[in-house]
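Residue numbers (this note's numbering): -17 to 137. Backbone N, C-alpha and C define an ideal beta-carbon position, used for all residues, glycine too.
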(Lines of atoms letter the chains of each structure in order from A and count residues from 1; the text may use other names and numbers.)
(Lines give C-alpha, C1' and ligand atoms only; values in the text may rest on other atoms or scores of the structure.)
Protein backbone atom coordinates (compact mmCIF):
# COMPACT_ATOMS: atom_id res chain seq x y z
CA UNK A 1 0.00 0.00 0.00
CA UNK A 2 1.37 3.40 -1.03
CA UNK A 3 0.41 6.83 0.34
CA UNK A 4 0.72 10.14 -1.52
CA UNK A 5 0.22 13.73 -0.46
CA UNK A 6 -0.83 16.10 -3.24
CA UNK A 7 0.64 19.39 -2.07
CA UNK A 8 -0.16 22.97 -2.93
CA UNK A 9 2.34 25.50 -1.54
CA UNK A 10 0.67 28.93 -1.45
CA UNK A 11 -2.02 28.90 1.22
CA UNK A 12 -0.66 25.67 2.72
CA UNK A 13 3.00 26.25 3.59
CA UNK A 14 2.56 30.03 3.53
CA UNK A 15 -0.23 32.59 3.86
CA UNK A 16 -0.66 36.32 3.48
CA UNK A 17 0.98 36.72 6.89
CA UNK A 18 4.20 34.96 5.84
CA UNK A 19 7.10 37.39 6.12
CA UNK A 20 9.90 35.30 4.64
CA UNK A 21 10.44 35.63 0.90
CA UNK A 22 11.61 33.26 -1.79
CA UNK A 23 14.68 34.31 -3.83
CA UNK A 24 12.50 36.01 -6.47
CA UNK A 25 10.67 38.03 -3.81
CA UNK A 26 7.44 36.02 -4.00
CA UNK A 27 6.02 34.79 -0.70
CA UNK A 28 8.32 32.19 0.83
CA UNK A 29 7.68 29.13 2.96
CA UNK A 30 7.15 29.06 6.73
CA UNK A 31 9.45 26.55 8.42
CA UNK A 32 6.89 25.97 11.17
CA UNK A 33 4.39 24.80 8.55
CA UNK A 34 6.91 22.44 6.94
CA UNK A 35 7.64 21.07 10.43
CA UNK A 36 3.92 20.45 10.93
CA UNK A 37 3.71 18.74 7.53
CA UNK A 38 6.60 16.46 8.50
CA UNK A 39 4.86 15.57 11.77
CA UNK A 40 1.64 14.68 9.96
CA UNK A 41 3.41 12.59 7.33
CA UNK A 42 5.19 10.47 9.97
CA UNK A 43 2.10 8.33 10.52
CA UNK A 44 1.94 7.42 6.83
CA UNK A 45 5.46 6.02 6.62
CA UNK A 46 7.12 6.43 3.24
CA UNK A 47 4.77 9.04 1.79
CA UNK A 48 5.23 10.41 -1.71
CA UNK A 49 4.85 14.18 -1.98
CA UNK A 50 3.39 15.21 -5.32
CA UNK A 51 3.55 18.91 -6.16
CA UNK A 52 0.26 20.33 -7.45
CA UNK A 53 1.06 23.99 -6.81
CA UNK A 54 1.81 26.47 -9.56
CA UNK A 55 5.37 26.24 -8.18
CA UNK A 56 5.62 23.12 -10.38
CA UNK A 57 5.77 25.42 -13.42
CA UNK A 58 9.08 26.88 -12.28
CA UNK A 59 12.33 25.74 -13.85
CA UNK A 60 13.73 22.96 -11.67
CA UNK A 61 17.16 24.61 -11.80
CA UNK A 62 15.70 28.00 -10.87
CA UNK A 63 16.30 29.73 -7.54
CA UNK A 64 12.71 29.55 -6.25
CA UNK A 65 12.29 25.85 -7.07
CA UNK A 66 15.68 25.11 -5.45
CA UNK A 67 14.52 27.10 -2.42
CA UNK A 68 11.35 24.95 -2.19
CA UNK A 69 13.36 21.73 -2.42
CA UNK A 70 15.82 22.92 0.23
CA UNK A 71 13.04 24.02 2.62
CA UNK A 72 11.44 20.57 2.39
CA UNK A 73 14.86 18.93 2.65
CA UNK A 74 15.56 20.70 5.97
CA UNK A 75 12.92 18.42 7.44
CA UNK A 76 13.83 15.27 5.54
CA UNK A 77 11.07 15.71 2.97
CA UNK A 78 11.42 15.55 -0.79
CA UNK A 79 9.24 15.80 -3.85
CA UNK A 80 8.40 12.53 -5.59
CA UNK A 81 6.67 14.05 -8.60
CA UNK A 82 4.37 16.74 -9.87
CA UNK A 83 1.12 16.94 -11.76
CA UNK A 84 1.08 18.38 -15.27
CA UNK A 85 -2.27 20.20 -15.24
CA UNK A 86 -2.82 23.89 -15.71
CA UNK A 87 -3.93 26.00 -12.76
CA UNK A 88 -7.71 25.61 -13.07
CA UNK A 89 -7.70 21.86 -13.83
CA UNK A 90 -5.99 20.76 -10.64
CA UNK A 91 -8.49 17.97 -9.88
CA UNK A 92 -8.14 16.67 -13.41
CA UNK A 93 -4.36 16.76 -13.02
CA UNK A 94 -4.47 14.74 -9.80
CA UNK A 95 -6.90 12.25 -11.32
CA UNK A 96 -4.55 11.79 -14.29
CA UNK A 97 -1.59 11.33 -11.94
CA UNK A 98 -3.48 8.66 -9.99
CA UNK A 99 -4.36 6.85 -13.23
CA UNK A 100 -0.70 6.87 -14.25
CA UNK A 101 0.38 5.66 -10.77
CA UNK A 102 -1.93 2.81 -9.75
CA UNK A 103 0.45 1.93 -6.92
CA UNK A 104 -1.02 4.87 -4.94
CA UNK A 105 -3.68 3.35 -2.71
CA UNK A 106 -4.27 6.20 -0.28
CA UNK A 107 -3.85 9.95 -0.62
CA UNK A 108 -4.71 13.34 0.80
CA UNK A 109 -4.85 16.68 -1.00
CA UNK A 110 -3.82 19.92 0.72
CA UNK A 111 -4.97 23.04 -1.10
CA UNK A 112 -6.45 26.43 -0.31
CA UNK A 113 -8.76 26.41 -3.35
CA UNK A 114 -11.52 24.05 -4.49
CA UNK A 115 -10.71 24.31 -8.23
CA UNK A 116 -12.50 21.43 -10.02
CA UNK A 117 -12.13 18.95 -7.14
CA UNK A 118 -15.88 18.59 -6.60
CA UNK A 119 -16.11 17.04 -10.08
CA UNK A 120 -14.18 14.05 -8.69
CA UNK A 121 -15.96 12.59 -5.62
CA UNK A 122 -12.95 10.55 -4.43
CA UNK A 123 -10.71 13.61 -4.62
CA UNK A 124 -13.30 15.78 -2.84
CA UNK A 125 -13.43 13.32 0.07
CA UNK A 126 -9.65 13.55 0.47
CA UNK A 127 -9.33 17.34 0.10
CA UNK A 128 -8.32 19.37 3.13
CA UNK A 129 -8.88 23.07 2.51
CA UNK A 130 -6.31 25.29 4.18
CA UNK A 131 -5.46 28.80 5.14
CA UNK A 132 -2.09 27.64 6.30
CA UNK A 133 -1.73 23.93 7.05
CA UNK A 134 -2.55 24.51 10.71
CA UNK A 135 -6.04 25.73 9.70
CA UNK A 136 -7.06 22.76 7.55
CA UNK A 137 -10.66 21.61 7.36
CA UNK A 138 -12.60 19.01 5.42
CA UNK A 139 -13.98 19.97 2.02
CA UNK A 140 -16.47 17.08 2.08
CA UNK A 141 -19.22 16.45 4.61
CA UNK A 142 -18.17 12.79 4.39
CA UNK A 143 -14.37 12.83 4.37
CA UNK A 144 -12.29 9.76 3.60
CA UNK A 145 -10.44 8.09 6.46
CA UNK A 146 -7.09 9.32 5.12
CA UNK A 147 -8.29 12.92 5.39
CA UNK A 148 -9.53 12.30 8.93
CA UNK A 149 -6.21 10.76 10.01
CA UNK A 150 -4.20 13.53 8.38
CA UNK A 151 -6.29 16.29 9.93
CA UNK A 152 -5.97 14.62 13.34
CA UNK A 153 -2.18 14.52 12.91
CA UNK A 154 -1.92 18.28 12.27
CA UNK A 155 -4.39 19.27 14.98
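Collapsing the DSSP output to three states places residue 62 in a strand.
Setting aside the 5 residues that flank it on each side, residue 20 is surrounded in the same chain by 57, 58 and 59, each with a C-beta closer than 8 Å to its C-beta; the list follows chain order. For the set -3, 28, 5 and 90, the Cα lying nearest the Cα of residue 47 is the one of 5. For the 8 Å CB-CB criterion, residue 90 and residue -13 form a contact.
In this structure, residue 51 and residue 61 form a Cβ contact; the two beta carbons are roughly 7 Å apart against a cut-off of 8 Å.
Residues of the same chain with a CB within less than 6 Å of the CB of residue 64, apart from the 5 flanking positions on each side, are 33 and 38 in chain order. Contact annotation: residue 10 and residue -1 have beta-carbon atoms that are not nearer than 8 Å.
The beta carbon of residue 126 is closer than 6 Å to those of 107 and 108 in its chain, skipping five residues each way along the sequence. Uninterrupted beta strand (DSSP E) stretches at least 3 residues long and entirely within the segment 75 to 111 occur at 86 to 93 and 109 to 111, given in chain order.
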